[in-house]
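Going by the numbering used here, the first residue of the sequence shown is number 104, and it counts up by one from there. Each remark here refers to the structure printed beneath this line.
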Amino acid sequence: MRTYYLFTFLFCTSLSLLSQTKITGSITYHNKSVSQVDITIKDSYNGGTSSPNGVFEFYTSEKGDKTFIFSHPDFETLEKVYRIEGDSMKLTASFLTPLKKMKELVLQAGSLEASDKKRAAAALTPMDIYNTAGANGQITEGYKFLPGVQKTGEVEGLFVRGGTGAETQFFMDGNLINNYFTASVPGLPGQGRFNTNLFTKTHFSTGGYSALYGQALSAVLVMESVDMPEKSSAGVFALPFSVSGDFQKVNTAKTFSYGIQANYFNLTPLTQVIKFNTNFITPPQGYGINANFRWKNKKGGLLKYYGNYDTNRISIIQPSLEIMYDEQQPEINGTNTFHSLSFKQKIGKFGVQTGASFSLRDNDFGMEILSQGNKIADVQSITKGLYFNHKTVLEYRLKGGSNLKGGYEFQYAKDKFQSSLPGNVTSNREIKNAITAFFAESNIAVTPDFSVSAGLRTEYSDLLKKWNLAPRITLAYRLPQNIIASILYGKFYQMPSAQNINLNIKSEQVFQKATHYIFQVSKTVDKRMLRLEAFYKKYEDLDKNLPENFQNLLQSPTGAGYAKGAELFWRDRSTFKDWDYRISYSYLDSEREFQNYPKPLYPAFASRHTASLSVSKFITSMKTGIGMSYAYASPRPVYNIIKQNGQNVLLSSAQSKDFNSLNFSMYFLPNIGKKDAKSFTILIAGINNILNSKNVFGGRFSQDGMRSTPILPSSNRMVYVGVNFNFGIDKTQDTIDNL
Numbered sequence: 104m105r106t107y108y109l110f111t112f113l114f115c116t117s118l119s120l121l122s123q124t125k126i127t128g129s130i131t132y133h134n135k136s137v138s139q140v141d142i143t144i145k146d147s148y149n150g151g152t153s154s155p156n157g158v159f160e161f162y163t164s165e166k167g168d169k170t171f172i173f174s175h176p177d178f179e180t181l182e183k184v185y186r187i188e189g190d191s192m193k194l195t196a197s198f199l200t201p202l203k204k205m206k207e208l209v210l211q212a213g214s215l216e217a218s219d220k221k222r223a224a225a226a227l228t229p230m231d232i233y234n235t236a237g238a239n240g241q242i243t244e245g246y247k248f249l250p251g252v253q254k255t256g257e258v259e260g261l262f263v264r265g266g267t268g269a270e271t272q273f274f275m276d277g278n279l280i281n282n283y284f285t286a287s288v289p290g291l292p293g294q295g296r297f298n299t300n301l302f303t304k305t306h307f308s309t310g311g312y313s314a315l316y317g318q319a320l321s322a323v324l325v326m327e328s329v330d331m332p333e334k335s336s337a338g339v340f341a342l343p344f345s346v347s348g349d350f351q352k353v354n355t356a357k358t359f360s361y362g363i364q365a366n367y368f369n370l371t372p373l374t375q376v377i378k379f380n381t382n383f384i385t386p387p388q389g390y391g392i393n394a395n396f397r398w399k400n401k402k403g404g405l406l407k408y409y410g411n412y413d414t415n416r417i418s419i420i421q422p423s424l425e426i427m428y429d430e431q432q433p434e435i436n437g438t439n440t441f442h443s444l445s446f447k448q449k450i451g452k453f454g455v456q457t458g459a460s461f462s463l464r465d466n467d468f469g470m471e472i473l474s475q476g477n478k479i480a481d482v483q484s485i486t487k488g489l490y491f492n493h494k495t496v497l498e499y500r501l502k503g504g505s506n507l508k509g510g511y512e513f514q515y516a517k518d519k520f521q522s523s524l525p526g527n528v529t530s531n532r533e534i535k536n537a538i539t540a541f542f543a544e545s546n547i548a549v550t551p552d553f554s555v556s557a558g559l560r561t562e563y564s565d566l567l568k569k570w571n572l573a574p575r576i577t578l579a580y581r582l583p584q585n586i587i588a589s590i591l592y593g594k595f596y597q598m599p600s601a602q603n604i605n606l607n608i609k610s611e612q613v614f615q616k617a618t619h620y621i622f623q624v625s626k627t628v629d630k631r632m633l634r635l636e637a638f639y640k641k642y643e644d645l646d647k648n649l650p651e652n653f654q655n656l657l658q659s660p661t662g663a664g665y666a667k668g669a670e671l672f673w674r675d676r677s678t679f680k681d682w683d684y685r686i687s688y689s690y691l692d693s694e695r696e697f698q699n700y701p702k703p704l705y706p707a708f709a710s711r712h713t714a715s716l717s718v719s720k721f722i723t724s725m726k727t728g729i730g731m732s733y734a735y736a737s738p739r740p741v742y743n744i745i746k747q748n749g750q751n752v753l754l755s756s757a758q759s760k761d762f763n764s765l766n767f768s769m770y771f772l773p774n775i776g777k778k779d780a781k782s783f784t785i786l787i788a789g790i791n792n793i794l795n796s797k798n799v800f801g802g803r804f805s806q807d808g809m810r811s812t813p814i815l816p817s818s819n820r821m822v823y824v825g826v827n828f829n830f831g832i833d834k835t836q837d838t839i840d841n842l
């Protein structure tokens, strides 16, 4: 019976295809191609989207005179009548009236977005990140050169505007990424798991983000992966401490592609030539593999999949600060897998985007305790997690660039914590939680110079048995001289950290809460952009913990705090020919009473002043790009907090020294200018912290607070060289376009 139904379905589908008309065409403005134009037939579900060269293709069973609608956020919607007849037909259309950039006007305060490079906005493209000396080609490291982000070096994460790294969430094609960073040992940060080349654009909101996203008290980094590669390719990338290879296949019609990439890294060779502050037993090492496919249907719908699996291992020797033993050897063995599936398509007057992500992690942390070279005890901690996320968003576009969005999201997390401590002390906990969320948002152009973005999000936690309600609103107004002023208000919620949840007081626990107030003024003209921003953030119901046997279980959700400050960002790509430079400055005033803080304190992970300068230039005659950057951060507080008589007590406080880092990078493109090149080669080299500044990231204390040692970077200076070979695709024009 199933075979019969399948045959009937295929037969009917074949008849339907035979009766359809193939619609092809192109869309332009002033004889230039326009991409990402939605083409639909009025009162039908047929349509498509224009490619980067302005062409489109789809099928329809409609016949006779029909109204075709061409819509794009930067132009007035165009409607034209065509007669549909025969097996195929070709259309041409041209936009007549551009809108004032609505995207520019409804840009939310706190956002740093630059999907349109020609506007010279402040977000970072992959080429921007690679050109930022000191970013090491990593997305998150590149964003540390923008305002609002702290220069932390002892722990992974983006610490934004007085918030912890856990207060920033990451998304890929709308799907939540759990465990964006690799596992780490104390004092050494984990690395980002995702290759920068995976993404075409990013949207980093340092405050007041969209209602489409939740569970982040401070910020979200939303990344959009490549829709469809232009050509098939293969490549090899090699550094002294790592090697990777990739293969990507695209069909002739550019409707389907698949690819695979593998990498291996081992810092052992580097430890032989560079002086490290860390005493490694097993230097950082591991391997990873990832795969992807993309499929585009005849109606313009796009299905994308990405999955990866990776491992990492590290073990080090640390002098003990305890009088009972003289050495400890922390070690981590971590594995992680992540899968993301997304689909987007225009269906009638609605845009639909839906997707899901799934990930597993298994981190095995151990620490041997030694006295005079003999092991006297072991500490073992195993953390396992399973995470699932699903989201669906519907968008209805209105005239004049306005739109309405709505949808739902479901998140499920299961964390297991197992520990074995000296004295036969063991602990086993399992935390399960499901969060269901509903959201709606509108971006309305009230007038050409005034817009409103209003959103509402509500979430329910199965673990807490509680709802939250998070309203958000942004008002933007265009002043004379194309200056845009905007104000924002919003509420944001986040679950307590799973490792801190105390099941004994589950009924007392609540969502952590932050309220944002932001004022922004910005101006963009001729590839130059200036942005000034002031903010105030109020924290409520933060976790307060008491250390016990290497655990920090929540004692009460009564923590609170605030963060306020001002930021400046300037980017210029036109004043000096072929030069691109960025300047950022941030001032932060903050206090928090949370975790083990016994009273309100300035956060130990934050500097009051941070500043950076990044400069890059491509020298065409030498086929060489160069970049330099400088980063500064004022001293951070260092707190000596111990547990005494069942309470957290601040014994003493001090300050670290200023952070300074001058960095240099360069790359050479020998294939530039060669026609019909069958391969593309990039040679790279760089030095981080040229001046060998002795930076310090806080302090480590004994349990009784009587002894301490500074937390240092793994190495003061880093030198690297590498080569990237690509075969089967000439990336010359892509490189030139991104310079």
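Every residue, glycine too, gets a C-beta built ideally from N, C-alpha and C.
For residue i, report the span of its alpha helix (DSSP H) as first-last.
i    : result
G290 : First-last for G290: undefined, no H or E at that position.
I232 : P229 to N234
G245 : I242 to Y246
Can you tell me the Cα-Cα spacing of residue i and residue j, whole angstroms?
i    : j    : result
G825 : A537 : 44 Å
F614 : N571 : 8 Å
F344 : R820 : 16 Å
D141 : K680 : 36 Å
L582 : Y246 : 29 Å
I729 : S768 : 6 Å
G410 : A238 : 25 Å
F771 : F721 : 10 Å
T529 : A480 : 14 Å
K726 : I785 : 10 Å
V252 : S197 : 43 Å
R676 : R631 : 6 Å
F762 : G404 : 48 Å
N149 : N354 : 24 Å
S138 : K449 : 15 Å
Looking at the structure shown, is residue i part of a helix, part of a strand, or coil, going by DSSP?
i    : result
P525 : coil
Y428 : coil
M725 : helix
T152 : strand
P583 : helix
T299 : helix
For the beta strand (DSSP E) holding residue i, just list the boundary residues, first then last.
i    : result
T170 : G167 to H175
E611 : Taken as a continuous stretch (DSSP letters only), E611 belongs to no beta strand (DSSP E), as it is neither H nor E.
G338 : S336 to L342
K702 : First-last for K702: undefined, no H or E at that position.
R103 : The shown model of the chain, from 104 to 842, leaves out residue 103, and the question about it has no answer.
D481 : N477 to R500
T127 : T124 to Y132
S689 : W682 to E696
I846 : It is not possible to answer for residue 846, since the shown part of the chain is limited to 104 through 842.
V824 : M821 to F830
M326 : A322 to S328
D141 : D141 to I144
Q351 : S345 to V353
Q758 : Q750 to Q758
Closest Cβ-Cβ distance between residue i and chain C: below 9 Å?
i    : result
H619 : Structure shown: chain C not included; a single protein chain is present.
Could you check how far apart the C-beta atoms of residue i and residue j are, in whole angstroms? I think they sit under 8 Å.
i    : j    : result
Y408 : S443 : 7 Å
L194 : G128 : 3 Å
V455 : M470 : Wrong, their Cβ atoms sit about 49 Å apart, outside the cutoff.
V329 : T303 : 5 Å
T385 : S423 : Not a contact, Cβ separation roughly 19 Å.
K494 : G458 : 6 Å
S687 : L227 : Going by Cβ atoms, the distance from S687 to L227 rounds to 12 Å, so no, they are not a contact pair.
N278 : S564 : That belief does not hold up - the Cβ atoms of N278 and S564 are roughly 20 Å apart, past 8 Å.
I313 : G558 : The displayed chain sequence assigns Ser, not Ile, to residue 313. Yes, they are in contact, since the Cβ atoms of S313 and G558 sit about 6 Å apart, within 8 Å.
S818 : F379 : 5 Å
The ligand SAH heavy atoms versus the CB of residue i: any closer than 8 Å?
i    : result
F302 : As presented, the structure is devoid of all ligands, the ligand SAH included, so that no description of it is given.
Subject >> Whole beta strand (DSSP E) elements within the stretch 252-285, 3-residue minimum >> reply: 271-275 and 278-280
**OP:** Kindly provide the ranges of any beta strand (DSSP E) runs that are 3 or more residues long and lie completely inside the stretch 371-455, ordered along the chain.
**Re:** 382-399, 405-422 and 430-450
**OP:** Can you check the stretch 647-677 for any alpha helix (DSSP H) of at least 4 residues that lies completely inside it and give the ranges in chain order?
**Re:** none
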